[in-house]
């Protein structure tokens, strides 16, 4: 299970250090060998463990949706996804197209959200927390 909130900076090669607390929870037999970066349900960029993403992909067609909706969802999700393996220092390189699409640069906030990570900007996180406090 992934927990916590962390701030890490993208380096000059667009690599993001995955927090050691997250890496310590990584189990290759359960999670696979890499993350899959893909648009998340909240509109941000999510990092799914490879095996969890495969499980999610297998469930897409089992819901109460039409084949047309499944095809549209698959096109939007899988065409925008990318494999992001760990390097020897525990970093992942986020493709430029995803960084641009989701407005990520400089410092990135990494949220551990049970079975995946969510990436956001510091500004987006501050707005989200303020909205929650005002609710």
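In my numbering, the protein residues as written are 71 to 205. Just so it is clear, CB atoms sit at the ideal spot from N, CA and C, and this is done for glycine as well.
- residue 98 - containing alpha helix (DSSP H), residue span: Here residue 98 refers to the residue found at position 28 of the chain shown. Per DSSP, residue 98 belongs to the alpha helix (DSSP H) from 98-101.
- Query: Could one say the Cβ of residue 175 lies closer than 7 Å to chain B's Cβ atoms, at least one of them?
  - Reply: Considering every chain present, this structure includes no chain B. It has just one protein chain.
- Query: What are the boundary residues of the beta strand (DSSP E) that includes residue 87?
  - Reply: Here residue 87 refers to the residue found at position 17 of the chain shown. Its beta strand (DSSP E) spans residues 85-87.
- Simplified DSSP state of residue 106, which is helix, strand or coil: Here residue 106 refers to the residue found at position 36 when the chain shown is read from its first residue. If DSSP states are grouped into helix, strand and coil, residue 106 belongs with the strands.
- Query: In three-state DSSP terms, what is residue 201?
  - Reply: Counting from one through the chain shown, the residue named residue 201 turns up at place 131. Here residue 201 sits in helix by DSSP.
- Nearest-angstrom Cα distance between residue 195 and residue 82? Taking the first residue of the chain shown as 1, we reach residue 195 at position 125. Taking the first residue of the chain shown as 1, we reach residue 82 at position 12. Going by the C-alpha atoms only, they are around 23 Å apart.
- Query: What is the residue span of the alpha helix (DSSP H) that residue 184 lies within?
  - Reply: Within the chain shown, numbered from 1, the residue matching residue 184 stands at position 114. Neither: residue 184 is in no alpha helix (DSSP H) and is coded neither H nor E.
- Item | Outcome for residue 138 when other beta-carbon atoms lying within 10 angstroms are tallied against a minimum of 16 | Numbered from its first residue, the chain shown carries residue 138 at position 68. Flag for residue 138 reads exposed.
- Item | Ordered list of beta strand (DSSP E) runs contained in the region 115-166, each at least 3 residues | 115-119, 152-155, 161-163
- Task: Inspect the beta-carbon positions of residue 187 and residue 180 and report whether they are closer than 7 Å.
- Result: By one-based count along the chain shown, residue 187 stands at place 117. By one-based count along the chain shown, residue 180 stands at place 110. A contact, by the Cβ cut-off of 7 Å.
- Message: Rounded to the nearest angstrom, what separates residue 105 and residue 177 at their Cα positions?
- Response: Start at 1 with the first residue of the chain shown, and residue 105 comes out as number 35. Start at 1 with the first residue of the chain shown, and residue 177 comes out as number 107. Looking at the two C-alpha atoms, the distance is approximately 20 Å.
- Query: With a CB to CB cut of under 6 Å and the five nearest residues on each side skipped, what residues in its chain are close to residue 123?
  - Reply: Counting from one through the chain shown, the residue named residue 123 turns up at place 53. Cβ neighbours of residue 123 beyond the five flanking positions: 106.
- Item | Continuous alpha helix (DSSP H) stretch holding residue 94: start and end | Looking up residue 94 in the chain shown gives position 24. Note, residue 94: alpha helix (DSSP H), 90-95.
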